[in-house]
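Student: Structure below; questions to follow.
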Amino acid sequence: TEREQLVAAIWAEVLKVERVGLTDHFFELGGHSLLATQVISRVRQALAIELPLRELFEAPTLAAFVQRIDGAVGNGAPAFATADRAQPLVLSYAQQRQWFLWQLEPTSAAYHIPTALRLKGPLDIPALQRSFDALVQRHESLRTTFQQVGEQAVQVIHTQLPVELVVVPVVESDLSFTIEEEVQRPFDLEHGPLLRVKLLQ
1069 TEREQLVAAI
1079 WAEVLKVERV
1089 GLTDHFFELG
1099 GHSLLATQVI
1109 SRVRQALAIE
1119 LPLRELFEAP
1129 TLAAFVQRID
1139 GAVGNGAPAF
1149 ATADRAQPLV
1159 LSYAQQRQWF
1169 LWQLEPTSAA
1179 YHIPTALRLK
1189 GPLDIPALQR
1199 SFDALVQRHE
1209 SLRTTFQQVG
1219 EQAVQVIHTQ
1229 LPVELVVVPV
1239 VESDLSFTIE
1249 EEVQRPFDLE
1259 HGPLLRVKLL
1269 Q
C-alpha cells in the first residue's frame, strides 16, 4: 500500500539501508532508541497523527508497525497542544532520563548524535552561519536547557541561544582524529547550547 511504501522509505532513510521489506525487523537492521525517535517523529509529520514511541518497540517489523499506524489513523488521535508557558515546563520522560544520565556522568558522549558531511566546492560561510541561526530560532528544542528547581527539573526555553559556526584549519591526515575528538566533547545541558557546529577546512 501507499502507507507501507511511505513508512518503508522512512525506515530506509533513518537506518541508512537501501530498502526495507514488510518482514524486516527495525532493531535487527541496526535500529536503536534514538533512531526509533526519529522514525516516530517523521511518521507523525508525514501522516499528521499522534503515535507513541512504544508502538515501534511493540511492533518492530514493518508490517506490524504499519498496522499500528493504521489503528492510530482510524482513532483520529488529537494533535499536540501548546503547553502553558506561564507555568514551569517539566521535562519529558526522555529529557528526564537525559538529565539524570548527564548529572551521573557529565563527560559521557553516549547520547550524542554526531553527523559529519564533506562539502566540496565554494562555500559561503556567512550564509551557512545564517542557516544555523535560522534553524535554532525556528526550533525551541535547540534553544532549550535544563535547570533543577528544588526537587523538580524544568525546561528553560531561551529567546536566543546562539550557535557559533567554528572554522578550524585541518590537514587531511588529522581529519578523522579531529572529528572523533569533536564527537566525544561533552555538552553542558544546564547552560547549552545543545547543538554544536564545526567547519573543518
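Numbering-wise, the numbering used here puts 1142 at position 74 of the sequence shown, and it's gapless, one number per residue.
In this text, a Cβ means the ideal position worked out from N, Cα and C, and glycines have one as well.
At what residues does the beta strand (DSSP E) containing F1245 begin and finish?
Tutor: Where F1245 is concerned, there is no enclosing beta strand (DSSP E), although the alpha helix (DSSP H) it sits in stretches over L1243 to Q1252.
Student: For G1251, I'd like the list of residues in its chain whose CB is within less than 7 Å of its CB, leaving aside the five on either flank, ordered along the chain.
Tutor: Inspection of the sequence shows that residue 1251 is occupied by Val rather than by Gly. So the list reads A1177, H1180 and P1182, once near-sequence residues are dropped.
Student: With Q1215 as the anchor, note down where its beta strand (DSSP E) starts and where it stops.
Tutor: From DSSP, the beta strand (DSSP E) with Q1215 extends over T1212 to V1217.
Student: Output the distance between the C-alpha atoms of E1123 and R1136, rounded to the nearest integer angstrom.
Tutor: Computed Cα separation, rounded: 7 Å.
Student: Pick helix, strand or coil for T1069, following the three-state DSSP scheme.
Tutor: DSSP places T1069 in coil when its eight states are reduced to three.
Student: Let me confirm a value: T1091 is counted as buried when at least 16 other C-beta atoms fall within 10 Å, else exposed. Which label applies?
Tutor: Exposed, since its Cβ has fewer than 16 Cβ neighbours within 10 Å.
Student: Write down the C-beta distance between R1206 and I1225 rounded to the nearest angstrom, noting that I regard them as a contact closer than 8 Å.
Tutor: So it is not a contact: roughly 13 Å between Cβ atoms.
Student: Let me check one thing: in DSSP terms, what residues is L1157 bridge-paired to?
Tutor: Partner(s): Q1223.
Student: Is there contact between the region 1155-1172 and the region 1227-1240, where contact requires at least three CB pairs shorter than 8 Å?
Tutor: The region 1155-1172, when compared against the region 1227-1240, does not touch it at the 8 Å Cβ threshold.
Student: Rounded to the nearest angstrom, how far is the Cβ of F1094 from that of P1128, given a contact under 8 Å?
Tutor: Confirmed, Cβ separation roughly 5 Å.
Student: Buried or exposed: where does I1193 fall if 16 or more other Cβ atoms within 10 Å of its Cβ makes it buried?
Tutor: With fewer than 16 Cβ atoms within 10 Å of its Cβ, I1193 is classed as exposed.
Student: What residue from E1258, L1268 and P1230 has the CA that sits closest to L1243's CA?
Tutor: The candidate whose alpha carbon is nearest that of L1243 is L1268.
Student: I'd like to confirm the pairing. Which residues does DSSP put opposite K1188 in its beta bridges?
Tutor: Answer is none; K1188 lacks a bridge partner.
Student: For T1129, which residues does DSSP report across the bridge?
Tutor: In the DSSP output, where bridge partners are listed per residue, T1129 has H1093.
Student: Do F1214 and Q1163 count as a contact pair if the criterion is CB distance below 8 Å?
Tutor: Yes.
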